[in-house]
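Participant:
Residue numbers (our numbering), protein chains in the order written: chain A, 6 to 474; chain B, 38 to 355.
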């Protein structure tokens, strides 16, 4: 069906097609990404499990997990939400459904190719920018540029007077991510070396998180929560405080990832101070969303999408409390490089960000398919597998990280730390496997929704209808 | 028309983002440029070559097109004894040079001057290859290390140098680091002892000039295993490394490191096929207490991947 639409006239492609293909692609990559995560975690708990084959070695699979989740699940879920939220907020149609479909097609092909190469060990050897530079160019010009053109043109052709805060996030973050990809991969493109390369690696890694994964997820919540509850956003102005403080402060603290490397001290101090300022957008965001929910808190229990969305918002509280302070010198020396950071990274990506996106993907797919979710039971099962699995992962890795930190400063022989961490590695694997299982259920549920979900009448929202299963 | 949001927005984002890019990119770049290469930095870039990881000369990241390190105890041309033995970095004809050879300004003040005036590195020619060595010199009262193009200064040829060293004194350092990168060793082992602690176990943190010309640096960020920057100072046994790479639990029962037995290839040093199933069966019997000794680890071939990896660990991580 995708092939048919790729060569159809734009007018003949039904509205929402791009959203649907993006949505299912993102869930597929979520299943792949978490499956790989579960497999990798098993190897950390039981190192002799599946050995002897180069392709199933931990070092060949770890980066595939990371990038499948970031560029497959999270970024494609962003693409999906942009395909339906941007036009809805401008009271218009998507600028080009055809461009959207080409975008999702090139994205899937390019990402698959990049990940297969990575899996084979064809890598740039730079964390988070592991993809070789030809694939980076595909990401910039084949994936991000078409996505940006579609979003920017849709915003430009809007029929509303102002630009809603969600669209500010969408439009600006795509632009900033393109710059981040270009500059962050410049060591590969121009063979910059040494400390410049090391710094650019983490400049890239930080800014992908700080200017793409967390702010776009927050921007999504500014749409889903008012839409689901029917309450207007508590304050658009506080939303702008959030947006502009992200642009101003959170584009700068990259070097807090290298606090114990020989970078200039002024740079580390500057980054550390700017990193604490994440609390401004964080408090603005969380307060704004939670106040929007006034009078509708029962939906947190009763409505699946709200449950996902608010869980993500609530997880933003520990996320930013950790994030703001763990990068100061006072705390960083203790937790740097330990499992604490792994737990924090999963809190950002698997916790806060993924819950917000899951809510938006649930909501958007039902809207665009014009079908009610197939099964509430499976939806709830997904939620509980997801949140319990995540919490098991997060708590076990936090404890393991604190033990590692203690081992580090009290100069315990490393092997004793490995022994002490073993039970937490098993818990980590169990938690990750629960999340993976939940996602398999989700993919089935969504597939069945597309085939057998109750049709949603014109003018109604899917979440207004009662479930039939 | 009045107030237009997108104009304000575009200007605002341009201004703020541009400002933060100045602070995080432009100003640090000036600081990085002032770094002066140390011996460690020069040794790294000469032994690793232009780039580890994906590149034109090595698109499949197998370690092709890289320089070779040799440890010389006699002059390849005159045969005079060199004591203590000296490292030489051999670039066969056509192998791309380390970044500092073509872009001497990145070596830093003093290093650049001596490398050009005494070391003649600006006369290096890729087509005919070159051999480089490191020397100590004085520049404006400071001791600096500098690069010498021994092909120009002493008439050493790449082929002659390799022959004089022999296989036992040859270290495939660049190929070894390629294995380190492709096998993802750096997902668990960092190459960055922290400035705040780590001195006791993992040794001194690196200096500003220790990285000039290295690509990628592969610091690692997630430490699930010991830091390796100075590992060869703690343990320099090739035999221990061989056993540890084949199956880490032979020497450290509680290790969670993966087995790297596939780096041996199909045959051992004597050309016999390595029977992995038999080895595993015997090892399992040992683990379950059915035999007293574990099976012998096969001796790696001279051209096996694990040999290059151990070469890199023992030569560079000191």
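Here a beta-carbon is modelled for each residue, glycine too, at the ideal position from N, C-alpha and C.
All values derive from a computational prediction rather than experimental measurement.
Any idea which residues DSSP pairs residue 174 of chain B with across the strands?
Facilitator: Position 137 of the second chain holds residue 174 of chain B. Partner(s): B:181.
Participant: Taking 9 Å as the CB-CB cut-off, is residue 279 of chain B touching chain A?
Facilitator: Position 242 of the second chain, counted from the start, is the residue given in the question as residue 279 of chain B. Not closer than 9 Å to any Cβ of chain A, the Cβ of residue 279 of chain B fails to qualify, so no.
Participant: Just the C-alpha distance for residue 116 of chain A and residue 76 of chain A, rounded to the nearest angstrom, thanks.
Facilitator: On the first chain, residue 116 of chain A is found 111 positions in, with the first residue counted as 1. On the first chain, residue 76 of chain A is found 71 positions in, with the first residue counted as 1. Going by the C-alpha atoms only, they are around 7 Å apart.
Participant: By the criterion of Cβ-Cβ separation under 7 Å, what are the contact partners of residue 53 of chain B in chain A?
Facilitator: Locating residue 53 of chain B in the second chain gives position 16, counting from the first residue. Per Cβ cutoff of 7 Å: 252 and 253.
Participant: So residue 411 of chain A contacts chain B; which residues on that side make the cut at Cβ distance below 7 Å?
Facilitator: Taking the first chain and counting its residues from 1, the one referred to as residue 411 of chain A is at position 406. By Cβ distance, chain B contributes nothing, its closest Cβ being about 11 Å from residue 411 of chain A, past 7 Å.
Participant: List the residues of chain A that residue 163 of chain B touches, going by C-beta distances under 7 Å, in chain order.
Facilitator: Start at 1 with the first residue of the second chain, and residue 163 of chain B comes out as number 126. Simply none; closest approach about 15 Å.
Participant: Extract the residue ranges of the alpha helix (DSSP H) inside the segment 226-270 of chain B, only unbroken runs of 4 or more that lie entirely within it.
Facilitator: List check, alpha helix (DSSP H) in window: 236-239.
Participant: Any C-beta of chain B sitting closer than 9 Å to the C-beta of residue 440 of chain A?
Facilitator: Against the first chain, residue 440 of chain A aligns to sequence position 435. No, its Cβ sits nowhere closer than 9 Å to a Cβ of chain B.
Participant: I'd like to know whether the C-beta of residue 63 of chain A is nearer than 9 Å to at least one C-beta of chain B.
Facilitator: Taking the first residue of the first chain as position 1, residue 63 of chain A is located at position 58. Chain B, which has a Cβ nearer than 9 Å to the Cβ of residue 63 of chain A, makes this yes.
Participant: Give the list of continuous alpha helix (DSSP H) stretches no shorter than 4 residues that lie fully inside the segment 187-251 of chain A.
Facilitator: 191-195, 199-213 and 219-234, all fully within the segment 187-251 of chain A.
Participant: Between the Cα of residue 256 of chain B and those of B:265, B:250 and B:249, spot the shortest distance and give me the residue it belongs to.
Facilitator: Along the second chain, read from residue 1 onward, the residue named residue 256 of chain B stands at position 219. Answer by Cα proximity: B:265.
Participant: List, in chain order, every chain B residue whose beta-carbon is nearer than 8 Å to that of residue 49 of chain A.
Facilitator: Position 44 of the first chain holds residue 49 of chain A. Ordered by position in chain B, the residues that pass the 8 Å Cβ test against residue 49 of chain A are 261 and 293.
Participant: Are the segment 249-267 of chain A and the segment 218-234 of chain B touching, with three or more C-beta to C-beta distances below 8 Å?
Facilitator: With a cut-off of 8 Å, the segment 218-234 of chain B and the segment 249-267 of chain A count as touching, because enough Cβ pairs lie within range.
Participant: Could you list the residues in the segment 235-246 of chain B with a C-beta less than 8 Å from some C-beta on chain A, going in chain order?
Facilitator: Those residues of the segment 235-246 of chain B that come within reach of chain A (Cβ to Cβ, closer than 8 Å) are 235, 237, 238, 242, 243, 244 and 245.
Participant: Is the Cβ of residue 401 of chain A closer than 9 Å to any Cβ of chain B?
Facilitator: Locating residue 401 of chain A in the first chain gives position 396, where the first residue counts as 1. For residue 401 of chain A, the answer is no, since every Cβ of chain B falls outside 9 Å of its Cβ.
Participant: Starting from residue 124 of chain B, follow the beta strand (DSSP E) in both directions and report where the run begins and ends.
Facilitator: Here residue 124 of chain B is taken as the residue at index 87 of the second chain, counted from 1. Residue 124 of chain B -> beta strand (DSSP E) spans 118-128.
Participant: Which chain A residues are close to residue 166 of chain B, counting only those with a beta carbon under 7 Å from its beta carbon?
Facilitator: The residue given as residue 166 of chain B occupies position 129 in the second chain. Going along chain A, no residue has its Cβ under 7 Å from residue 166 of chain B, so there is no contact; the nearest lies around 21 Å.
Participant: Cα-Cα, which of A:183, A:386 and A:402 is closest to residue 437 of chain A?
Facilitator: On the first chain, position 432 is the one that residue 437 of chain A refers to. Comparing Cα positions, the closest option is A:402.
Participant: Let me know if residue 308 of chain B comes out buried or exposed under the rule of 16 or more other beta-carbons within 10 Å of its beta-carbon.
Facilitator: Start at 1 with the first residue of the second chain, and residue 308 of chain B comes out as number 271. It counts as exposed.
Participant: Show which residues of chain B have a CB atom less than 8 Å away from the CB atom of residue 196 of chain A.
Facilitator: Stepping through the first chain from its first residue, residue 196 of chain A is reached at position 191. 87, 88, 136 and 252, listed in chain order.
Participant: According to DSSP, what are the bridge partners of residue 310 of chain B?
Facilitator: Here the question's residue 310 of chain B lines up with position 273 in the second chain. DSSP output for residue 310 of chain B lists B:304 as bridge partner(s).
Participant: May I ask you to report which of helix, strand or coil DSSP gives residue 111 of chain B?
Facilitator: Within the second chain, numbered from 1, the residue matching residue 111 of chain B stands at position 74. It is a strand residue.
Participant: With 9 Å as the threshold, decide whether the Cβ of residue 38 of chain B is near any Cβ in chain A.
Facilitator: Against the second chain, residue 38 of chain B aligns to sequence position 1. Bear in mind that the predicted position of residue 38 of chain B carries a pLDDT of just 42, short of 50, making it unreliable; the figure below should be weighed with that in mind. No - not a single Cβ of chain A is within 9 Å of the one on residue 38 of chain B.
Participant: Output needed for residue 272 of chain A: all residues of its chain with C-beta closer than 6 Å, excluding positions within five of it in sequence on either side, in chain order.
Facilitator: Working through the first chain from its first residue, we reach residue 272 of chain A at position 267. Same-chain partners within the cutoff: 260.
Participant: Give me the residue from A:377, A:201 and A:83 with the minimum Cα distance to residue 228 of chain A.
Facilitator: Here residue 228 of chain A refers to the residue found at position 223 when the first chain is read from its first residue. That would be A:83, whose Cα lies nearest to the Cα of residue 228 of chain A.
Participant: Would you kindly work out how many angstroms separate the C-alpha atoms of residue 38 of chain B and residue 51 of chain B, rounded to a whole number?
Facilitator: Your numbering for residue 38 of chain B matches position 1 in the second chain. Your numbering for residue 51 of chain B matches position 14 in the second chain. For residue 38 of chain B, the pLDDT reaches just 42, beneath the cut-off of 50, and the residue's location in the model is therefore unreliable, although a value from the coordinates is still provided. C-alpha separation (whole angstroms): 22 Å.
Participant: How would you label residue 151 of chain A, buried or exposed, when you count the other beta carbons within 10 angstroms and need 16 or more for buried?
Facilitator: Taking the first residue of the first chain as 1, we reach residue 151 of chain A at position 146. Counting Cβ neighbours within 10 Å, residue 151 of chain A comes out buried, since at least 16 surround it.
Participant: Skipping 5 residues on each side, what residues in its chain have a beta carbon closer than 7 Å to that of residue 244 of chain B?
Facilitator: One-based indexing of the second chain puts residue 244 of chain B at position 207. Within the same chain, residue 244 of chain B has close Cβ partners 75.
Participant: Say whether chain A places a C-beta atom closer than 9 Å to the C-beta of residue 345 of chain B.
Facilitator: Counted from its first residue, the second chain places residue 345 of chain B at position 308. Not one chain A Cβ lies under 9 Å of residue 345 of chain B.
Participant: Closer than 8 Å by beta-carbon distance: list the chain A residues that pair up with residue 224 of chain B, in chain order.
Facilitator: Translated into the one-based positions of the second chain, residue 224 of chain B becomes position 187. Ordered by position in chain A, the residues that pass the 8 Å Cβ test against residue 224 of chain B are 63, 64, 67 and 68.
Participant: Cβ atoms of residue 367 of chain A and residue 313 of chain A: under 9 Å apart, would you say?
Facilitator: The residue you call residue 313 of chain A lines up with position 308 of the first chain. The residue you call residue 367 of chain A lines up with position 362 of the first chain. Against a cut-off of 9 Å, the Cβ pair of residue 367 of chain A and residue 313 of chain A comes out as a contact.
Participant: Starting from residue 158 of chain A, follow the alpha helix (DSSP H) in both directions and report where the run begins and ends.
Facilitator: On the first chain, position 153 is the one that residue 158 of chain A refers to. Element bounds for residue 158 of chain A: 150-161.
Participant: Determine the extent of the alpha helix (DSSP H) in which residue 303 of chain A is found, giving its start and end residues.
Facilitator: One-based indexing of the first chain puts residue 303 of chain A at position 298. Residue 303 of chain A -> alpha helix (DSSP H) spans 303-307.
Participant: Looking only at its own chain, which residues have a Cβ that is under 7 Å from the Cβ of residue 329 of chain A, when we skip the five neighbours before and after it?
Facilitator: For the purposes of this step, residue 329 of chain A is identified with residue 324 of the first chain, where counting begins at 1. These residues qualify, in order along the chain: 280, 281, 283 and 284.
Participant: Name the DSSP bridge partner or partners of residue 186 of chain B?
Facilitator: By 1-based counting over the second chain, the position of residue 186 of chain B is 149. B:169, per the DSSP bridge assignment.
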